[in-house]
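Below: the structure, in structure tokens.
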Amino acid sequence: MSEFISITGARENNLQDVTLRIPKGRLTVFTGVSGSGKSSVVFDTIAVESRRQLNETFTWFVRNRLPKYERPHAESLEDLSPAIVVDQRPVGGHSRSTVGTMTDIHSVLRVLFSRHGTPCAGGATAYSFNDPAGMCPGCDGLGRTVRPDWDRILDPARSLAGGAVRFPPFAAGTWQGQAYTNSAELDPDRPVGDFTEAERAFLMRGRPGSKVTVNGSGGTWTTEYEGLADRFERLYLKRDLSGMSEKTRDLVRGFLVEGRCPECGGARLNAAARATLIDGHSIADCSAMEVTDLIAVLRRIEDPVALPIAAAAVAALERVEAIGLGYLSLGRETSSLSGGEGQRLKTVRHLGSSLTGMTYIFDEPSVGLHPRDVGRLGDLLLRLRDKGNTVLVVEHDPDVIALADHVVDMGPRAGADGGRVVFEGTPAQLAASDTLTGRCLGRRTAVRAEPREADGRLWVKGAGRHNLRDVTVAFPTGVLTAVTGVAGSGKSTLVAELTAAHPDAVAVDQSAIGVSARSTPATYLGIMDTVRKHFARETGTEPGFFSFNSAGACGTCEGRGVIHTDLAFMDPVTTTCHDCEGRRFREEVLRLTVDGRSVADVLAMTAGQALDYFADPGLRRRLRALHDVGLTYLTLGQPLSTLSGGERQRIKLATRLHRTGAVYVLDEPTTGLHMSDVDGLLALLDRLVDTGNTVVVVEHNLDVVAHADWVVDLGPDGGRDGGRVIFEGTPRDLLAARGSSTAEHLRRATS
Ligand code: ADP
Ligand code: ADP
Ligand code: ZN
Ligand code: ZN
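If you're matching positions, the sequence shown starts at 0 in numbering that gives the first Met the number 0 and goes up one per residue.
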């Protein structure tokens, strides 16, 4: 067994003949500006080749059913070990996936309750909300139900004949509405609010055998009376909504409310499972508590038979706590977690496994972490390494870089100006080197000497959502405000309240851009129209020809350039379309060129190259916005689905620049940015402020905090122990604040 992973002559994306030896069983951190090629080495070369080689070990029969990974562009790739990628992609969105199911801790609790709870409801599945034996029958284990909104459907002040039924298909005068106005058992002229209990019950549920006479186009006939609630539920709730027209669906949605299931109160479990207790707590109680509290409950278990199971749960829960997620509950749906929280939970799962000799690959694991918690993250990475694994990390945070056994710095710049290894060695050698990263590592932060004056205030008053404790904050307008605090302290919740309360606030977040799989920077920024018209004019054809969304599309991949293969048991894979070789267009379209370039060649240009090439002022303005947000290195045709969270946020920002009087709310805008790129981001934020806007950022990066005009610090801790404002003021005053971890770390960074 070799002690190194060897890469020779790698050329994926922008890599320029990269040759590297990465020590096995060590922690290696990849650094460099965004777009320099870190992901191209780690994800597109090492991880892809490792999976491809793993697939080759299967039989022909299995292999034929697996995705075909293409060999990465490299002369040779040797001595790889199986790779596990722990990235920031959102954790499975479906509502049956919770922190407890994802970490497998829920199944340990189920065993504990089925063996030691009293009274016992049955074998383990009796405590599973994903199994008919344990699920609440009211909500099928979802904890939430969608119900008709009777306050909207019925107006109690009106009579049936006078329009009490407000749901249009059942309204008075319609053929369906006649059932209610014509019923002999209901007074059509009395306000519904004055009905007796029995009349109300008849209106909603009817009675077996009761009839009503209605008039239709075919004459008059007598039919079975169906209660209003029964009918609404039968037609709109017990049926698959996807079978209805978009219009009907929208109409019905307006008359539905979603809420906690009244039967289980959101616990997802049936009555028998909920009644089983250990030390006075049900499994539902355990799922609702914060992890930290659950550890305390399970530690009190003394029964010698239950003890080993409880201890296994405690060990797993402590791993969750150790990475700063002790404020989560096991019942929390994974779809509501941030990318960083999801990544850290995935890590927990791997820490519990006994695999060794693997290569673990992390994408900026410090995202979402307060400097206080970066230390704990480091411990986690070192523990993975010490179990005999190779750990590769793409990271910008100096505290994580400092932990590395080995650092590979990519550069010198982004895109075509990057793609080379500019440094290899220890963190200390890197700090002493003359590379961009090395120079940045030695920098001290300086707090803003003269904060800009606010020109007004935006209030959030008495906020109490999630863990916020009646929080009132005045956000100054016309300046840059940083909202700080450890993970789970309530930052996202607070800024969400700010955006909800002020219509002129625009949240620019890292969520997926809700556009089609064919979207690219060119389509998203509206550049594509101009490009198409330019090609049509110059070649004497139609603009539609140059669209990979319609006439011009390659028939094999339908203009995607890639083919997606979905596999139930693995991550979906994408491979380049063999027909158009990823160029997305039909052959005839590619033959039409302007200045020797096809439309595919134009899409392969970076934003920076396109700025040099095009003269159209509208187009240039849009490209310059990309430049302003630090995305000059993106090509016009790169699928938006390949962008990182930070890049997604910055491209959204690019479409919203050039406003005045707006309130921009950004969530960790430094994500994915090298220390040297942070200066560019700060310049952009300053420009937004200086052109009359308000900027509020949730940030952990101390350069940003120090640069802000105003800081709102939440804490002191996460979850139940957070949700309070512990400091409001200028960064200079923050330096003197006591009892704030943000203040403590800012003092360290500036001294
Ligand atoms: P980093 O990880 O250092 O930010 P990347 O390896 O993601 O850098 O990118 C290096 C270069 O390759 C950039 O110019 C980027 O735009 C380009 N690139 C990355 N992924 C793709 C892709 N799927 N298609 C085309 N170009 C890509
Ligand atoms: P931060 O942004 O500071 O990391 P958040 O505002 O995300 O903190 O979280 C504050 C608290 O609210 C935490 O206890 C978190 O678990 C809880 N919380 C956040 N989002 C949800 C949600 N969708 N459902 C339930 N609890 C949530
Ligand atoms: Zn229920
Ligand atoms: Zn194709």
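Virtual Cβ for every residue (Gly too), placed ideally from N, Cα, C.
Check: Which residues does DSSP pair with S75 in a beta bridge?
Finding: By 1-based counting over the sequence shown, the position of residue 75 is 76. According to DSSP, S75 bridges with T7.
Next item on the list: Provide the residue span of the beta strand (DSSP E) that contains R456, from first to last.
Entry: The residue given as residue 456 occupies position 457 in the sequence shown. R456 -> beta strand (DSSP E) spans G455 to A462.
Note to self: Quick check on Q509: buried or exposed, where buried means 16 or more other Cβ atoms within 10 Å of its Cβ?
What the structure shows: The residue you call residue 509 lines up with position 510 of the sequence shown. The residue in question, Q509, is buried, as its Cβ has 16 or more Cβ neighbours within 10 Å.
Margin query: Measuring only from the beta carbon, is E262 closer than 6 Å to any heavy atom that is part of ligand 3?
Written below: Locating residue 262 in the sequence shown gives position 263, counting from the first residue. Yes; taking the cut-off as 6 Å, the Cβ of E262 has a heavy atom of ligand 3 nearer than that.
Check: Helix, strand or coil for F361 per DSSP?
Finding: Against the sequence shown, residue 361 aligns to sequence position 362. In the structure shown, F361 sits in a strand (DSSP, three-state: E or B).
Check: Which of helix, strand or coil does DSSP assign to A183?
Finding: One-based indexing of the sequence shown puts residue 183 at position 184. Coil at A183, not helix or strand.
Margin query: Whether or not the segment 143-161 and the segment 276-296 are in contact is what I'm after, with contact meaning three or more pairs of Cβ atoms, one per stretch, closer than 8 Å; do they touch?
Written below: In this structure the segment 276-296 does not lie against the segment 143-161, because fewer than three pairs of beta carbons, one per stretch, are closer than 8 Å.
Next item on the list: Report the residue from L684, R719, S739 and F3 whose alpha carbon sits nearest the alpha carbon of V711.
Entry: Position 712 of the sequence shown, counting from 1, holds the residue named residue 711. Checking every option, the nearest Cα to that of V711 belongs to S739.
Next item on the list: Could you say which of A160, F42 and D685 lies nearest to D86 if we only look at CA atoms?
Entry: Along the sequence shown, read from residue 1 onward, the residue named residue 86 stands at position 87. A check of alpha carbon separations from D86 across A160, F42 and D685 identifies F42 as the nearest.
Notebook entry, point to check: Less than 7 Å separating the beta-carbons of R585 and C556?
Noted result: On the sequence shown, position 586 is the one that residue 585 refers to. On the sequence shown, position 557 is the one that residue 556 refers to. For R585 and C556, no; Cβs fall outside 7 Å.
Next item on the list: Within the same chain, show all residues whose beta-carbon is closer than 8 Å to that of G525, passing over the 5 residues directly before and after it, in chain order.
Entry: Numbered from its first residue, the sequence shown carries residue 525 at position 526. Around G525: R621.
Next item on the list: Could you tell me the distance, in whole angstroms, from the CA atom of F254 to the CA atom of P167?
Entry: Translated into positions along the sequence shown, residue 254 becomes position 255. Translated into positions along the sequence shown, residue 167 becomes position 168. Roughly 10 Å between the two C-alpha positions.
Item checked: Proximity test, T498 beta-carbon vs ligand 4 heavy atom, cut-off 6 Å -> Position 499 of the sequence shown, counted from the first residue, corresponds to residue 498. For ligand 4, not one heavy atom lies less than 6 Å from the Cβ of T498.
Next item on the list: With DSSP as the reference, label V593 as helix, strand or coil.
Entry: Within the sequence shown, numbered from 1, the residue matching residue 593 stands at position 594. In this structure, V593 counts as strand in the three-state DSSP scheme.
Item checked: Within 7 Å, strictly: CB atoms of L329 and V98 -> By one-based count along the sequence shown, residue 329 stands at place 330. By one-based count along the sequence shown, residue 98 stands at place 99. The answer is yes: Cβ separation under 7 Å.
Checklist line | Straight-line Cα distance separating E55 from R596 | finding: Walking along the sequence shown from the start, residue 596 turns up at place 597. Walking along the sequence shown from the start, residue 55 turns up at place 56. In a straight line, the C-alpha of R596 is about 39 Å away from that of E55.
Notebook entry, point to check: Is it true that the CB of T480 sits closer than 7 Å to the CB of F474?
Noted result: Reading the sequence shown from its first residue, position 475 is the one you call residue 474. Reading the sequence shown from its first residue, position 481 is the one you call residue 480. Closer than 7 Å, so yes.
Notebook entry, point to check: How about K386: is its Cβ closer than 6 Å to a heavy atom in ligand 1?
Noted result: In the sequence shown, residue 386 corresponds to position 387, counting from 1. No, since every heavy atom of ligand 1 falls outside the 6 Å radius drawn around the Cβ of K386.
Checklist line | Exercise answer, beta-carbon shell around ligand 2 heavy atoms below 5 Å | finding: Y326, S335, H465, N466, A486, G487, S488, G489, K490, S491, T492 and G718
Next item on the list: Compute the distance between the beta-carbons of S488 and G721, then report whether it is under 7 Å.
Entry: As a first step, residue 488 is located in the sequence shown; it is residue number 489 there, counting from the start. As a first step, residue 721 is located in the sequence shown; it is residue number 722 there, counting from the start. The answer is yes: Cβ separation under 7 Å.
Next item on the list: Count the C-beta pairs between the segment 485-504 and the segment 657-675 that are closer than 8 Å, then say yes if the count reaches three, no if not.
Entry: These segments touch.
Notebook entry, point to check: Nearest-angstrom Cα distance between R331 and H465?
Noted result: Here residue 331 corresponds to residue number 332 of the sequence shown, with the count starting at 1. Here residue 465 corresponds to residue number 466 of the sequence shown, with the count starting at 1. Each residue's alpha carbon lies about 12 Å from the other.
Next item on the list: Could you check the C-alpha separation between A836 and E541 for me, to the nearest Å?
Entry: What the structure shows of the chain is the stretch from 0 to 750, and residue 836 is not part of that stretch, so it cannot be assessed.
Margin query: Closer than 8 Å is the cut-off here; do at least three beta carbon pairs connect the segment 674-686 with the segment 454-464?
Written below: no
Notebook entry, point to check: Within 10 angstroms of its Cβ, does E257 collect 16 or more other Cβ (buried), or is it exposed?
Noted result: One-based indexing of the sequence shown puts residue 257 at position 258. Classification for E257: exposed.
Note to self: Which residues does DSSP list as the beta-bridge partners of P754?
What the structure shows: Residue 754 is absent from the model: the chain starts at 0 and stops at 750.
Item checked: heavy atom of ligand 4 below 6 Å from D600 C-beta -> Position 601 of the sequence shown, counted from the start, is the residue given in the question as residue 600. D600 Cβ: outside cutoff for every heavy atom of ligand 4.
Notebook entry, point to check: Would you call the CB atoms of I562 and R647 closer than 7 Å?
Noted result: Locating residue 562 in the sequence shown gives position 563, counting from the first residue. Locating residue 647 in the sequence shown gives position 648, counting from the first residue. In this structure, R647 does not lie closer than 7 Å to I562 by Cβ.
Next item on the list: Alpha carbon to alpha carbon, how far is E363 from V628? Give it in angstroms, no decimals.
Entry: Sequence index remark: in the sequence shown, residue 628 carries index 629 (1-based). Sequence index remark: in the sequence shown, residue 363 carries index 364 (1-based). Rounded to whole angstroms, V628 to E363 spans 20 Å at the Cα level.
Check: Sorted by chain position, which residues of the same chain lie with C-beta nearer than 7 Å to M569's C-beta, five sequence neighbours on each side aside?
Finding: Locating residue 569 in the sequence shown gives position 570, counting from the first residue. Residue confidence for M569 is low, a pLDDT of 49 falling below 50, so the modelled location carries little weight; the figure read from the coordinates is stated next. Within the same chain, and ignoring the five residues on either side of M569 in sequence, no residue has its Cβ closer than 7 Å to its Cβ.
Next item on the list: Kindly indicate which three-state DSSP category G377 falls into: helix, strand or coil?
Entry: Taking the sequence shown and counting its residues from 1, one reaches residue 377 at position 378. In the structure shown, G377 sits in a helix (DSSP, three-state: H, G or I).
Margin query: Let's test the definition: count the other Cβ atoms within 10 Å of the Cβ of R747 and tell me whether it reaches 16, buried, or not, exposed.
Written below: Here residue 747 corresponds to residue number 748 of the sequence shown, with the count starting at 1. Its Cβ having fewer than 16 others within 10 Å, R747 is exposed.
Checklist line | Collapsed DSSP secondary structure at F166 in the structure displayed | finding: Here the question's residue 166 lines up with position 167 in the sequence shown. Coil at F166, not helix or strand.
Margin query: Do R348 and T102 count as a contact pair if the criterion is CB distance below 7 Å?
Written below: For the purposes of this step, residue 102 is taken as residue 103 along the sequence shown, with counting starting at 1. For the purposes of this step, residue 348 is taken as residue 349 along the sequence shown, with counting starting at 1. Result yes, Cβ atoms of T102 and R348 sit closer than 7 Å.
Check: How far does the alpha helix (DSSP H) with P307 in it reach, from first residue to last?
Finding: Within the sequence shown, numbered from 1, the residue matching residue 307 stands at position 308. P307 -> alpha helix (DSSP H) spans L306 to A321.
Check: For T212, which of G192, N181 and D398 has the nearest alpha-carbon?
Finding: In the sequence shown, the residue the question calls residue 212 occupies position 213. Nearest C-alpha to T212: N181.
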